[in-house]
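Asks: As you go down the protein sequences, you meet chains A and B in turn.
Going letter by letter, the first sequence gives residues 1 to 66 in this note's numbering.
Going letter by letter, the second sequence gives residues 67 to 326 in this note's numbering.
Using N, Cα and C, we set each Cβ at its ideal position, and we do this for glycine too.
All of these numbers come straight from a predicted model, not from anything done at the bench.
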Amino acid sequence: MKIKLNGSEIEVNDNISVLELMKTKNFDSTKYVAIVNEDVIPKSKISEVILKEGDEVEIITMMGGG
Amino acid sequence: MENDILVIGEVEIKNRLIVGTGKFSSYDLIPEIIEKAKIDMVTVAIRRARDGIQKPLIDYIPKDTKILVNTSGARNAEEALKIAKIGRELTGSDLIKIEIIPDTKYLMPDNREVIKACELLANEGFKPFPYMMPDLVSAKEMVKAGAVCIMPLGAPIGTNKGLVAKYFIEMLRNEIDLPIIVDAGIGKPSHAAEAMELGVDAVLVNTAIATAKDPVNITIAFSKAVEAGRLGYLAGLPSEKILAEASSPIDEYLLGFLRK
């Protein structure tokens with residue numbers, strides 16, 4: 001199925017969880033936060049949230065700031 | 067000085083110099099600065115991750131350092147709340163620096179939206195650190211809305227102009243019963259000492275450190291200036307006078323001896 005990851009369309013396995021998606025893309029789930037269709041996914045729930053066709057996922061991290 | 071510990075939102079901040087992590091030529095400088103200047107709290111922003119391969123900023127921040135996420139990018143209170151929720155997931159901390167800046171030329175914070183954000187975020191369990199234009203009426207509203215400290219600007223972000231807003235910051239110091247952190251505009255160590263001598267509780271420096279020729283040593287200099295300013299304030303600064311006053315008044319004997 002197709003989803004959007006950080007604005008780009010990608011192909012992923014059906015019923016993939018947010019945690020699996022992060023692992024596939026090398027995002028350490030302790031250092032990044034996932035947002036699915038504008039919902040911030042708590043770290044405790046990332047293995048339970050299953051993605052579906054057309055979902056928009058954003059992976060967020062810290063960057064330098066004042 | 068030993069018992070002079072700063073506590074904001076139930077968190078102890080051991081060094082009154084808080085350092086921003088923006089604008090560094092390399093993240094490699096950050097752990098060195100934190101270690102050598104004994105920095106206890108840093109600020110960070112959040113953004114979309116480029117990929118999972120590049121080492122993220124969090125890997126450069128020593129584990130026991132307190133991380134204060136800012137809401138930069140927010141133009142109103144609702145956007146600040148969205149960023150705060152992401153920040154809390156990243157750090158596991160309720161501390162959040164509210165930064166709401168609709169103006170791109172002078173980067174002026176929108177006090178009205180910051181007041182709204184303090185209330186919105188405090189209701190969601192956050193401990194707001196509001197970055198604000200030093201204005202006593204707004205600061206009082208922020209206190210009422212649940213802020214845990216007040217962060218007035220010294221001068222606009224990145225200008226290195228020092229305490230342009232000094233008189234208004236003094237007003238906050240005299241009237242606000244919460245910690246005050248001077249944020250933005252601090253361009254050199256003497257500015258930081260000057261702020262601390264006013265009796266504010268901490269200063270936040272980013273641009274002046276990140277863009278210095280030697281960021282590590284300037285952080286140490288800032289840290290010493292903050293400590294000196296704090297000690298000076300606690301010791302009690304003398305008042306200024308218009309007329310001169312001799313340090314060693316001449317006694318009558320000497321006067322007679324000289325004028326004979």
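Would the beta-carbon of Val230 of chain B fall within 8 Å of that of Gly253 of chain B?
Replies: Not closer than 8 Å, so no.
Asks: Would you kindly work out how many angstroms separate the C-alpha atoms of Pro245 of chain B and Gly265 of chain B, rounded to a whole number?
Replies: Taking the straight line joining both Cα atoms gives about 10 Å.
Asks: Contact defined as beta carbons within less than 8 Å: I believe Tyr197 of chain B pairs with Asp249 of chain B. What is the distance between those atoms, to the nearest angstrom?
Replies: That pair is a contact at about 6 Å.
Asks: Go ahead and pull the three-state DSSP assignment for Phe195 of chain B.
Replies: Three-state result, Phe195 of chain B: strand.
Asks: Using the C-alpha atoms, what's the distance from Ile308 of chain B back to Ser138 of chain B?
Replies: So the alpha carbons of these two residues sit roughly 45 Å apart.
Asks: Could you please tell me which residues of the stretch 21-35 of chain A, in chain order, have their CB closer than 8 Å to any CB of chain B?
Replies: Going along the stretch 21-35 of chain A in chain order, one finds Met22, Lys25, Asn26, Phe27, Asp28, Lys31, Tyr32, Val33, Ile35 with a Cβ nearer than 8 Å to chain B.
Asks: Taking only three categories from DSSP, how would you classify Leu173 of chain B?
Replies: Here Leu173 of chain B sits in coil by DSSP.
Asks: Does the beta carbon of Ile164 of chain B sit closer than 8 Å to a beta carbon anywhere in chain A?
Replies: Taking Cβ atoms only, chain A never reaches closer than 8 Å to Ile164 of chain B, which makes this a no.
Asks: Check this for me: beta carbons of Asn81 of chain B and Ser289 of chain B, under 8 Å apart or not?
Replies: The answer is yes: Cβ separation under 8 Å.
Asks: So, with DSSP's three-state summary, where would you put Ala261 of chain B?
Replies: Helix at Ala261 of chain B.
Asks: Have a look at B:Asp125, B:Pro281, B:Asp160, B:Ile127 and flag the residue whose alpha-carbon is nearest the alpha-carbon of Leu187 of chain B.
Replies: Checking every option, the nearest Cα to that of Leu187 of chain B belongs to B:Asp160.
Asks: Would you say the beta carbon of Asp70 of chain B is closer than 7 Å to some non-hydrogen atom of the ligand SAM?
Replies: As far as ligands go, the structure on display features none, and thus does not contain the ligand SAM.
Asks: Going along the stretch 38-64 of chain A in order, which residues come within less than 9 Å of chain B, judged by CB to CB distance?
Replies: Answer in chain order: Glu38, Val40, Ile41, Pro42, Lys43, Glu58, Ile59, Ile60, Thr61, Met62, Met63, Gly64.
Asks: Mind checking if Arg82 of chain B is an interface residue toward chain A, Cβ cutoff 8 Å exclusive?
Replies: No, because no Cβ of chain A sits closer than 8 Å to the Cβ of Arg82 of chain B.
Asks: Closer than 8 Å is the cut-off here; do at least three beta carbon pairs connect the stretch 84-102 of chain B with the stretch 51-60 of chain A?
Replies: Verdict: no, contact absent.
Asks: Which same chain residues end up closer than 6 Å to Glu9 of chain A when comparing Cβ atoms and leaving out the 5 residues on each side of it in sequence?
Replies: Result list for Glu9 of chain A: Lys2, in chain order.
Asks: Note down, in chain order, all residues in the stretch 247-261 of chain B with a beta-carbon under 9 Å from any beta-carbon belonging to chain A.
Replies: Correct list: Asp249, Ala250.
Asks: Quick check: is the beta carbon of Gly228 of chain B nearer than 8 Å to any beta carbon in chain A?
Replies: It does not; no Cβ of chain A falls within 8 Å.
Asks: What is the DSSP secondary structure of Ile74 of chain B, counted as helix, strand or coil?
Replies: Ile74 of chain B: strand per DSSP, three-state reduction.
Asks: Determine whether the beta carbon atoms of Ser17 of chain A and Ile50 of chain A lie at a separation below 8 Å.
Replies: In contact: Ser17 of chain A and Ile50 of chain A (Cβ atoms closer than 8 Å).
Asks: Got a sec, what are the start and stop residues for the alpha helix (DSSP H) Met63 of chain A sits in?
Replies: No alpha helix (DSSP H) contains Met63 of chain A, which is instead part of the beta strand (DSSP E) from 56-64.
Asks: So which residues of chain A does Phe90 of chain B contact, with C-beta pairs closer than 7 Å?
Replies: By Cβ distance, chain A contributes Gly64.
Asks: For Val26 of chain B, is the classification buried or exposed, using 16 other Cβ atoms within 10 angstroms of its Cβ as the cut-off for buried?
Replies: For residue 26 of chain B there is no data in the structure shown, the boundaries of chain B being 67 and 326.
Asks: Nearest to Thr277 of chain B by CA position, among B:Ile79, B:Leu72, B:Phe90, B:Gly75, is which residue?
Replies: When each option's Cα is compared against that of Thr277 of chain B, the closest is B:Phe90.
Asks: Under 8 Å, with one C-beta from each stretch per pair, do the stretch 69-78 of chain B and the stretch 21-28 of chain A reach the 3-pair mark?
Replies: Flag = no, the stretch 69-78 of chain B and the stretch 21-28 of chain A do not touch.
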